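What follows is a set of notes on a single structure, which appears directly below.
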Amino acid sequence: MTQQQSLPYHLDPSPGAGTLPARAHLSSDRPEATLNGDWGFRYSASVAAAHQDPAAQDSRFPHTVAVPGHWVLDAANGSLITGRINRFGSPWYTNVDYPFPLDPPYVPDENGTGDYLREFTLEDLGFSAAVLAGLGRVILRFEGVESTFKAWLNGTELGHASGSRLSHEFDVTDHLHHGIGSNRLVVRVHAFAAASYLEDQDQWWLPGIFRDVTLIGEPAAGIQDVRIVADYHDGAGHLALEAEAPARAYPLRLSIPELGIEHRIEAPTGGTATAKIDVAVGPVLGWSAETPRLYAATLASSEETVSLRLGFRRVDISDGVLRVNGAPIRFRGVNRHEFHPRVGRAITAEFTRSELETMKRHNINAIRTSHYPPNHHLLDLADELGFWLIDECDLETHGFVATGWEANPSDDPIWLPAYLDRIERTWRRDANHSSVVMFSLGNESGTGANLAAMADWLRSHDPMRPIHYEGDHEARYTDVYSRMYATPTESDSLLARNPVPWVSAEGSDRISAQPYILCEYVHAMGNGPGGMSDYEALFDTHPRAAGGFVWEYKDHGILASTPDGRQVYAYGGDFAEPIHDSNFVLDGLVFADGTPSPGLIEYAKVIEPFRVTIGEDLRIQNRQDFEDTTGYTFHWRIDGADRGPEAAGEPLAAGILEVPTTAPRSTSTLALPAAANKHPGALLSVSVHLAEPTWWAPAGHEVAWGQGLTTGRPGPAEDPELAKHPGGTAAQPWELAAFDEAGLLRSLAELELAGPELLAFRAPTDNDDGTIEPSRGMRPGGPDTVGTNAQAPEDFDWDAYAGLAPEPVRAIAEKWRAAGLHRLQRRTVSTRATAGELASAHRYGAPARPEGFGVDLNFSATGTSLRLRARMEALQEYGFPLAQLGLGFTLPAAVLTDASTARFTGAGPGESYADSRAAQRFGTHPLPVGALRTDYPRPQANGRRGDLRSLDLELVDGRTLRLTILDGPPDTGFTLSPWSQQELAAASHPTELPESTHWHLGIDAGQHGLGSRSCGIDVAEPEAFTARRAELLLELAVLPGGDGTA
1 MTQQQSLPYH LDPSPGAGTL PARAHLSSDR PEATLNGDWG FRYSASVAAA
51 HQDPAAQDSR FPHTVAVPGH WVLDAANGSL ITGRINRFGS PWYTNVDYPF
101 PLDPPYVPDE NGTGDYLREF TLEDLGFSAA VLAGLGRVIL RFEGVESTFK
151 AWLNGTELGH ASGSRLSHEF DVTDHLHHGI GSNRLVVRVH AFAAASYLED
201 QDQWWLPGIF RDVTLIGEPA AGIQDVRIVA DYHDGAGHLA LEAEAPARAY
251 PLRLSIPELG IEHRIEAPTG GTATAKIDVA VGPVLGWSAE TPRLYAATLA
301 SSEETVSLRL GFRRVDISDG VLRVNGAPIR FRGVNRHEFH PRVGRAITAE
351 FTRSELETMK RHNINAIRTS HYPPNHHLLD LADELGFWLI DECDLETHGF
401 VATGWEANPS DDPIWLPAYL DRIERTWRRD ANHSSVVMFS LGNESGTGAN
451 LAAMADWLRS HDPMRPIHYE GDHEARYTDV YSRMYATPTE SDSLLARNPV
501 PWVSAEGSDR ISAQPYILCE YVHAMGNGPG GMSDYEALFD THPRAAGGFV
551 WEYKDHGILA STPDGRQVYA YGGDFAEPIH DSNFVLDGLV FADGTPSPGL
601 IEYAKVIEPF RVTIGEDLRI QNRQDFEDTT GYTFHWRIDG ADRGPEAAGE
651 PLAAGILEVP TTAPRSTSTL ALPAAANKHP GALLSVSVHL AEPTWWAPAG
701 HEVAWGQGLT TGRPGPAEDP ELAKHPGGTA AQPWELAAFD EAGLLRSLAE
751 LELAGPELLA FRAPTDNDDG TIEPSRGMRP GGPDTVGTNA QAPEDFDWDA
801 YAGLAPEPVR AIAEKWRAAG LHRLQRRTVS TRATAGELAS AHRYGAPARP
851 EGFGVDLNFS ATGTSLRLRA RMEALQEYGF PLAQLGLGFT LPAAVLTDAS
901 TARFTGAGPG ESYADSRAAQ RFGTHPLPVG ALRTDYPRPQ ANGRRGDLRS
951 LDLELVDGRT LRLTILDGPP DTGFTLSPWS QQELAAASHP TELPESTHWH
1001 LGIDAGQHGL GSRSCGIDVA EPEAFTARRA ELLLELAVLP GGDGTA
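Heads up, the sequence shown is in UniProt numbering, so the first residue is 1 and it goes up one at a time.
Here is the structure:
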């Protein structure tokens, strides 16, 4: 420790020096002034090269940067160009690995150092002489600085602090120049410091002063801190309040006008600075994420009034069930990093509110603030707008997994003060917020005595809220059993309270008594995630299931330019980082610009607040925890089974359902609308809408829906072998179309339409390329069990218990590539023309591989339509699921534009795959052709629409290409893209895709599911594409202009 004490401040493991004790972020009428804006800036590539006296009056600050902001993203650093490192450095992304040697507490000599300068006068900030005369002290607050920083005011050192996402305050009363005299505030910030070992949080490393800097005037008789507990029980509220103020501030006055409460608080006795009161409030409406009822209150002295918003609620655990105000709750949550593609973590309240609006519109009710306390405005908004929060401490040491957790700060006493400081600052700032129902010790920091000490500190100060930390795998010091990416199989066993065979009996008993949370699951990287419905079914089944948080809400793509000036969303490696984790930073339900991905649309459906089931009767299940059905309207409509609610024209019948008031977590059963009896085999759709406007959506916004048939499944009305084109007569296929010597189509009705070629490959999604199954780390002796007593009987089959394959993880896409499915070559075996039919047989195989596929094609004609029967078969067993079996056609690029209309009947309007299709309803869907694809920042397979019946493409020349599925598997699907699967697979960014020369139309007889194996579960067996043969019967026609409407 002696050696540690002699280290420079930025290498000191302690939390800092010179800062004030942590306290709440209060809304008050005291004088405050922002120091945000343009600051002078000076950059040095190392500490040694930095100015030896940062606060010297003659030191120059040659640049100007924005505060809040990150210097690597500031305009002064120049445009961000991929492949380049800018003069102030560039963003650097790692997930687990530290971007410096594992040598705590040291960091390399080459360590970007930024000096900031802000000059101001108190008069300009509104601190006149009269104002200053009434103040007891003036406080300088920094709300977020990455990483460690030191501050000087007018040449006097104020102190230094670490904890990048934590608030730090300095008393500057005695160091200010009053009146019109200029004040000179200098702040030195280090990109990396000892504290960086505690901040390895799977995000861009972005140094700078990125949150607000504020000058606060505290009245001499002001209120320094307030702690409130607004408890709720049996319809009544109880308020416990603690206030810290100088003696001259008393008496204080508590006022809650709506409740008729006025309470006088006398000065504390016994030498304490803290006054404590308990007030029985009487009947109140409880606060919840569904009913965020707040009561305005004030706490006033003679010189200051603090505004409070009280949400009365009690969090408890009963028989392993997490409850609020006595009701079980379900987290339908997301993990949220704070991120904007231009300004990084320097976000505004308006920006955050827009994100919360998107969440609410997609049925999300909970946020885990991964992996640090958020900007304070998020908590204010969550209280007001209604979100459950798990407020996570600014802590992660994940990179020590590389050493088997050796030297992990979590179990090193040198780091204990920093751990305790971080949890105290988190709690004291945020404890007054009703939305915070748990505090989390941090993320992926192994286990150890320091984490247990954090839990002890929290429990002694806040006995009501449960303590969360996923790394406590034996439930030694936490109150909820939290896991990441546990499989449905293992989750089911844990939720059923089965013994946990790899921990002690005592640990198993503790786990069984706790609520179960998946603090991360269904990793939303690229096209996916699949399998969300399987988890939701588990949550619906087990009372101890408190839900989960998708990883994660948003992609962290940084807006940059390629060297030739094209815009791109950059990811790891794009700024020449020596080590990085590539596009693992692009793993959100929304894209970096906030646009919802198909994954968010699917999640919204899976977690919808009502479940509509249509069968012999109609069932409305209210899946909410607090609200009944009175705030919603229920609409029904009946359409022809070949049309659906998206089709143009009027429904066969429609109306409003009279749903009896249905309590939370209850179900009402109704008779089908009488009109259903008049339309057997028709499609009945029921949708649930907001009855009144809310802050996040207008009246009429749809929150849930369901579909069902009165009888059977939608499909063609006639036997596909007997169906004829209306008014048509049999013809020869070569009278309608041109074919090549292999018997493949070249054109149809003078439209260049080539194919089909076999499709057995798709551009690998991030999940297809994924190999990360965190559940494997929980094997006894695995990296996630270090520091625990994890063990299992010798004959224990852990893989069967967890639902994992015993062999090492190998990406399915690697198997596809090894088998050469991306480079199949065709050999025509035979062609044969007979009366009314053109038949051909083909073999497809990959270079240097013996396996292959047989494809038989039979073209015939009826009227003006061309029919194709295709049989596809794998000639050998591949031993793994295929990407797909399908047919690929090409059209010239000029015949369609992105604005052309595609009208299809099937599941839509969005994408659907075997394990991600809940959000798509059957109907006829008109879309712009450009809307049929999703342009992921790393190109990959996308855009599939399933359950296909027919597809109309309106061509540039006014004609329509119509494709009808006459026979095929139930989930026949299509894709339409300007690029082939091989072109998508070869590109790392959209800017690397070639100029399109053709449209690629794929018709598949099924595709492999998506899963979330980029970090999580593989595609479940029922959704894996294991078929080895398939048959499709298609009809193709080119309709003249005006005849293409469905």
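Using N, Cα and C, we set each Cβ at its ideal position, and we do this for glycine too.
Predicted model, so just to flag it, every value in this text is computed and none were measured.
TODO: Could you round the C-beta distance between Ala230 and Phe312 to whole angstroms and report it? I think they count as a contact, below 8 Å.
DONE: The sequence position of residue 230 within the sequence shown is 230, counting from 1. The sequence position of residue 312 within the sequence shown is 312, counting from 1. Confirmed, about 5 Å.
Open item on the list: If we require 4 or more residues per run, which alpha helix (DSSP H) segments fall completely within the stretch 776-863?
Closed with: 798-802 and 812-818
Open item on the list: Measuring alpha carbon to alpha carbon, tell me which residue in Val480, Pro108, Phe539 and Met532 is nearest Ile511.
Closed with: Within the sequence shown, numbered from 1, the residue matching residue 511 stands at position 511. Out of Val480, Pro108, Phe539 and Met532, Val480 has the C-alpha closest to the C-alpha of Ile511.
Task: Residue environment, Gly404, which counts as buried when at least 16 other CB atoms sit within 10 Å - done: Mapped onto the sequence shown, residue 404 falls at position 404. Per the 10 Å Cβ criterion, exposed.
Task: Per DSSP, the bridge partner or partners of Lys150 - done: Your numbering for residue 150 matches position 150 in the sequence shown. Bridge partners of Lys150: His160 and Arg188.
Open item on the list: Quick test of the definition: if touching needs 3 or more C-beta pairs under 8 Å, does the stretch 579-587 touch the stretch 83-102?
Closed with: yes
- [ ] Would you identify the three-state DSSP class for Met438, choosing helix, strand or coil?
- [x] Along the sequence shown, read from residue 1 onward, the residue named residue 438 stands at position 438. Here Met438 sits in strand by DSSP.
Task: Opening and closing residue of the beta strand (DSSP E) in which Ser307 lies - done: As a working note, residue 307 is residue 307 in the sequence shown. Here the beta strand (DSSP E) through Ser307 covers Thr305 to Leu310.
Open item on the list: Short of 6 Å in beta carbon distance, which residues of its chain neighbour Ala452, apart from the five on each side in sequence? Order them along the chain.
Closed with: Numbered from 1 along the sequence shown, position 452 holds the residue referred to as residue 452. Around Ala452: Tyr477.
TODO: Give the straight-line distance between the Cα atoms of Val67 and Phe61, rounded to the nearest whole angstrom.
DONE: In the sequence shown, the residue the question calls residue 67 occupies position 67. In the sequence shown, the residue the question calls residue 61 occupies position 61. Whole-angstrom Cα-Cα distance: 15 Å.
Task: Cβ shell of His10 (< 6 Å), same chain only, five flanking positions each side left out - done: Reading the sequence shown from its first residue, position 10 is the one you call residue 10. Cβ neighbours of His10 beyond the five flanking positions: Thr148, His190 and Ala193.
TODO: Apply the 10 Å Cβ neighbour rule to Arg810 and answer buried if 16 or more other Cβ atoms are within range, or exposed otherwise.
DONE: To locate residue 810, count along the sequence shown from 1; it is residue 810. Answer is exposed; the Cβ neighbour count stays below 16.
Task: Residues that Phe88 bridges to, as DSSP identifies them - done: Along the sequence shown, read from residue 1 onward, the residue named residue 88 stands at position 88. Answer is none; Phe88 lacks a bridge partner.
- [ ] Return the residue from the list Thr298, Ala247, Arg353 and Pro926 that minimises the CA-CA distance to Arg227.
- [x] Taking the sequence shown and counting its residues from 1, one reaches residue 227 at position 227. Selected option, being the one with the closest Cα: Thr298.
TODO: Let me know if His362 comes out buried or exposed under the rule of 16 or more other beta-carbons within 10 Å of its beta-carbon.
DONE: Position 362 of the sequence shown, counting from 1, holds the residue named residue 362. With 16 or more other Cβ atoms within 10 Å, it is buried.
Open item on the list: Could you compute how far the alpha carbon of Tyr197 sits from the alpha carbon of Asp380?
Closed with: One-based indexing of the sequence shown puts residue 197 at position 197. One-based indexing of the sequence shown puts residue 380 at position 380. Near 30 Å, if we compare the C-alpha coordinates of Asp380 and Tyr197.
Open item on the list: With H, G and I counted as helix, E and B as strand and the rest as coil, what does DSSP make of Ser460?
Closed with: Taking the sequence shown and counting its residues from 1, the one referred to as residue 460 is at position 460. Residue state, collapsed to three classes: helix.
Open item on the list: Given 7 Å as the limit, tell me if Gln982 has its C-beta closer than that to any heavy atom belonging to the ligand COA.
Closed with: With respect to small molecules bound, the structure shown includes none, and the ligand COA cannot be examined in it.
Task: Span of the alpha helix (DSSP H), counted from its first residue to its last, around Ser491 - done: Counted from its first residue, the sequence shown places residue 491 at position 491. Start and end: Pro488 to Leu495.
Open item on the list: Quick check: the Cα distance between Phe351 and Ser370, rounded to an integer number of angstroms?
Closed with: Residue 351 sits at position 351 when you count from the first residue of the sequence shown. Residue 370 sits at position 370 when you count from the first residue of the sequence shown. Going by the C-alpha atoms only, they are around 18 Å apart.
TODO: Alpha carbon to alpha carbon, how far is Pro292 from Ala663? Give it in angstroms, no decimals.
DONE: In the sequence shown, the residue the question calls residue 663 occupies position 663. In the sequence shown, the residue the question calls residue 292 occupies position 292. Straight-line Cα distance between these residues: approximately 18 Å.
Open item on the list: Using a Cβ distance threshold of 8 Å, determine whether the stretch 964-971 contacts the stretch 1030-1038, with at least three qualifying pairs required.
Closed with: yes
TODO: Apply the 10 Å Cβ neighbour rule to Asn858 and answer buried if 16 or more other Cβ atoms are within range, or exposed otherwise.
DONE: Here residue 858 refers to the residue found at position 858 of the sequence shown. Classification of Asn858: buried, given that the 10 Å Cβ count is 16 or more.
Task: For Ile607, the residue or residues it bridges with in DSSP - done: For the purposes of this step, residue 607 is taken as residue 607 along the sequence shown, with counting starting at 1. DSSP lists no partner for Ile607.
Task: Cα-Cα separation between Ser950 and Pro978, rounded to whole angstroms - done: Here residue 950 is taken as the residue at index 950 of the sequence shown, counted from 1. Here residue 978 is taken as the residue at index 978 of the sequence shown, counted from 1. If I take the Cα positions, the gap works out to 20 Å.
Open item on the list: I'd like the list of long-range same chain contacts for Val187, defined as Cβ closer than 6 Å, with 5 residues on each side in sequence excluded.
Closed with: To locate residue 187, count along the sequence shown from 1; it is residue 187. Taken in chain order, the residues that qualify are Tyr116, Phe149 and Ala151.
Open item on the list: Looking at the strands, I want to know which residues DSSP matches up with Asp1007.
Closed with: Along the sequence shown, read from residue 1 onward, the residue named residue 1007 stands at position 1007. Residue identity check: residue 1007 is Gln in the sequence provided, not Asp. The partner list for Gln1007 (beta bridge, DSSP) reads Gln884.
Open item on the list: Could you check whether the stretch 1014-1024 touches the stretch 975-990, counting it as contact only if at least three pairs of C-beta atoms, one from each stretch, sit closer than 8 Å?
Closed with: no
TODO: Tell me whether Ser6 sits in a helix, a strand or coil according to DSSP, three-state version.
DONE: As a first step, residue 6 must be located in the sequence shown, where it is residue number 6. The answer is coil: DSSP assigns Ser6 none of H, G, I, E or B.
TODO: Hey, could you find the ends of the beta strand (DSSP E) Gly588 is sitting in?
DONE: In the sequence shown, counting from the first residue as 1, residue 588 sits at position 588. First-last for Gly588: undefined, no H or E at that position.
TODO: Would you check if there are 3 or more beta carbon pairs closer than 8 Å linking the stretch 131-139 to the stretch 212-228?
DONE: yes
Open item on the list: Only counting the same chain, and skipping five residues up and downstream in sequence, which positions put a Cβ closer than 6 Å to that of Val500?
Closed with: Looking up residue 500 in the sequence shown gives position 500. Same-chain partners within the cutoff: Ser508 and Ile511.
Task: Own chain partners of Ala1005 with C-beta closer than 8 Å, once the 5 adjacent residues on each side are dropped - done: Taking the sequence shown and counting its residues from 1, the one referred to as residue 1005 is at position 1005. Once the five neighbours on either side are set aside, the close Cβ partners of Ala1005 are Met872, Gln884, Leu885, Gly886, Gly968, Pro969, Thr972, Ala1027, Ala1030, Glu1031 and Leu1032.
TODO: Look at Phe796 and Ser288 and say whether their C-beta atoms are less than 8 Å apart.
DONE: Numbered from its first residue, the sequence shown carries residue 796 at position 796. Numbered from its first residue, the sequence shown carries residue 288 at position 288. Cβ atoms of Phe796 and Ser288: not closer than 8 Å.
Open item on the list: Let me see if you follow: with CB-CB separation under 8 Å, is Met464 close to chain D or not?
Closed with: Among the chains of the structure shown, chain D does not appear; only one protein chain is present.
Open item on the list: Quick check on Leu722: buried or exposed, where buried means 16 or more other Cβ atoms within 10 Å of its Cβ?
Closed with: On the sequence shown, residue 722 is found 722 positions in, with the first residue counted as 1. Any answer about Leu722 is weak, because its pLDDT of 35 lies below 50 and its placement is not dependable; what the coordinates show is given next. Exposed: under 16 other Cβ atoms inside 10 Å.
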